[in-house]
Amino acid sequence: MDTEDKLSIRSYVADLLKSQITYLENQMESLVYDESIESLHHTRVMTRRIRNTIMVFADIIGKKRSKKWLSSLKKLTKSLTHTRDLDVQIQFLESELSKVSEQKLLAGLQRLLLRKQQRRDKKQIDVRESISSFEKENTLSEIKLFIESNPFEAENFVPPDSLRQIGLHNTDKLTKLCFSYVPFITSPDQTEALHNLRIAIKNLRYSVELFQPIFPELETYLTTFKKFQDDLGEIHDCDVWLKDLDNFLEKEKKRITEFYGQSGPFNFIKPGISYLTAEIKTRKIDIHEKFMEGWTEQFQNQFWTNLRLIFDHDQVL
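Going by my numbering, the sequence shown opens with residue 1, and the numbers climb by one from there.
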């Protein structure tokens, strides 16, 4: 890649980062002052998107600089993930409780919700500390300096062919990773393969998004990726729930036994958890069937071949 192309792509990357950083800062501010559930979600998602931008264009940004930024952002993403998971679970439980009228089921569901809310309350302090720690690392200041040093002029920008090649390379690499899991996803019990495919599709979607400004036709593909990601995310949520419910029953029985000296009161909690376990197992099977139908349909429609053809042209469209 010649110097002129590299400078041109660097300005394009700077423009991508500019909008991402602005959005991240707004969400972080809302998260600290309003403790907004949605802001936490959007903050975490944007840290992932920024990380993806840096990884795709690490050679353009600079390997040393990229490594430092990625490490800082990854810590922030990780620190917010468990809190976000609790928010999702609390919302789900509140929804389930609104549907249940049988008294024998309420005790277990209400106790489970209480435990989740107690853990979530403790996590809010961690969220503030994570944001504070991230800000002290000056990662955003360094990214802003990179942006200022590489001004983007949209009216004069002509995408070099080397930018298309970066898109093609990353699309091929991540598509191959997705398909490495495909032989193992036909059963809803293939927890690890489905989880890995979800992560691979998410990364592919974020990578493809980076090239949408020069390939507007990618919009329909991004919509399909979002659908795949949502379905696989719901399946993963079910797997997490099933594991959590087993752990909850074990811990709650021990807690009750220690408090009362016997486990009898545990029988008032168990029916609600058994009900929820059965509901989640059924839900997982239904979502998996829906996902496989969509996946098969898109495969038959040459989705993956057509995606590659968008990048694999002699000239940037």
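The beta-carbon is built from N, C-alpha and C at its ideal position, and this holds for glycine as well.
- The Cβ-Cβ distance between PRO265 and LYS104 does not fall below 8 Å.
- With respect to LEU31, ARG51 sits apart: the two C-beta atoms are not nearer than 8 Å.
- For GLN117, the uninterrupted alpha helix (DSSP H) run begins and ends at 103 to 136, by DSSP.
- In terms of Cα proximity to PHE215, the closest of ASN306, GLU137, VAL182 and ASN247 is ASN306.
- Of the residues LEU210, THR220 and LEU222, the one whose Cα lies closest to the Cα of MET55 is LEU210.
- One Cα belongs to GLU137, the other to ILE21, and the distance between them is close to 15 Å.
- One thing to note: ILE201 has its Cβ no nearer than 8 Å to the Cβ of GLN165.
- Of the other Cβ atoms in all chains shown, fewer than 16 fall within 10 Å of the Cβ of LEU309; this residue is therefore exposed.
- If you compare the alpha carbons of LEU249, GLN27, ALA154 and ASP231 with that of ARG111, the shortest gap goes to LEU249.
- For THR282, the closest of ILE235, LEU86, ASN26 and GLN190 by C-alpha to C-alpha distance is ILE235.
- The DSSP assignment places 161 to 181 as complete runs of the alpha helix (DSSP H) inside the stretch 156 to 195, in order along the chain (cut-off: 4 residues).
- Secondary structure at LEU93: helix, using DSSP grouped into helix, strand and coil.
- The beta carbon of LYS253 sits closer than 7 Å to the beta carbons of SER263 and PHE266 from its chain, once the five residues preceding and following it are set aside; these are given in chain order.
- Contact between the stretch 190 to 199 and the stretch 142 to 159 is absent: fewer than three C-beta pairs spanning the two stretches fall below 8 Å.
- When C-alpha distances from GLU135 are compared across GLU148, LEU76 and LEU113, the shortest belongs to LEU76.
- For HIS288, the closest of LYS227, TRP304 and TRP69 by C-alpha to C-alpha distance is LYS227.
- Judged by their CB atoms, VAL100 and LEU106 are nearer to each other than the 8 Å cut-off.
- ILE285 and GLU293 have their C-alpha atoms roughly 12 Å apart.
- Around the CB of PHE225, 16 or more other CB atoms lie within 10 Å, so the residue is classed as buried.
- Here the alpha carbons of GLY233 and THR257 stand approximately 36 Å from one another.
- From the listed residues PHE311, VAL45 and SER274, the smallest Cα separation to GLN212 is found for PHE311.
- Judged by beta-carbon spacing, LYS290 lies beyond the 8 Å limit of ASP244, meaning their Cβ atoms are not closer than that value.
- Following the DSSP letters along the chain, one finds GLN20 inside the alpha helix (DSSP H) bounded by residues 3 to 34.
- Excluding five sequence positions before and after VAL13, the CB atoms of its chain that fall closer than 6 Å to its own CB belong to PHE57 and ILE60, given in chain order.
- With contacts defined as CB atoms closer than 8 Å, THR171 and SER207 qualify as a contacting pair.
- Note on geometry: alpha-carbon atoms of PRO160 and LEU168 lie some 13 Å from one another.
- The residues LEU242 and LEU245, in chain order, have a CB closer than 7 Å to that of THR277 in the same chain once the five nearest residues on each side in sequence are set aside.
- Per DSSP, reduced to three states, the secondary structure at GLY62 is coil, with no helix or strand assignment.
- With contacts defined by Cβ atoms closer than 8 Å, GLY108 and ILE9 do not form a contacting pair.
- DSSP, reduced to helix, strand and coil, places LEU210 outside both helices and strands of the structure shown, so it counts as coil.
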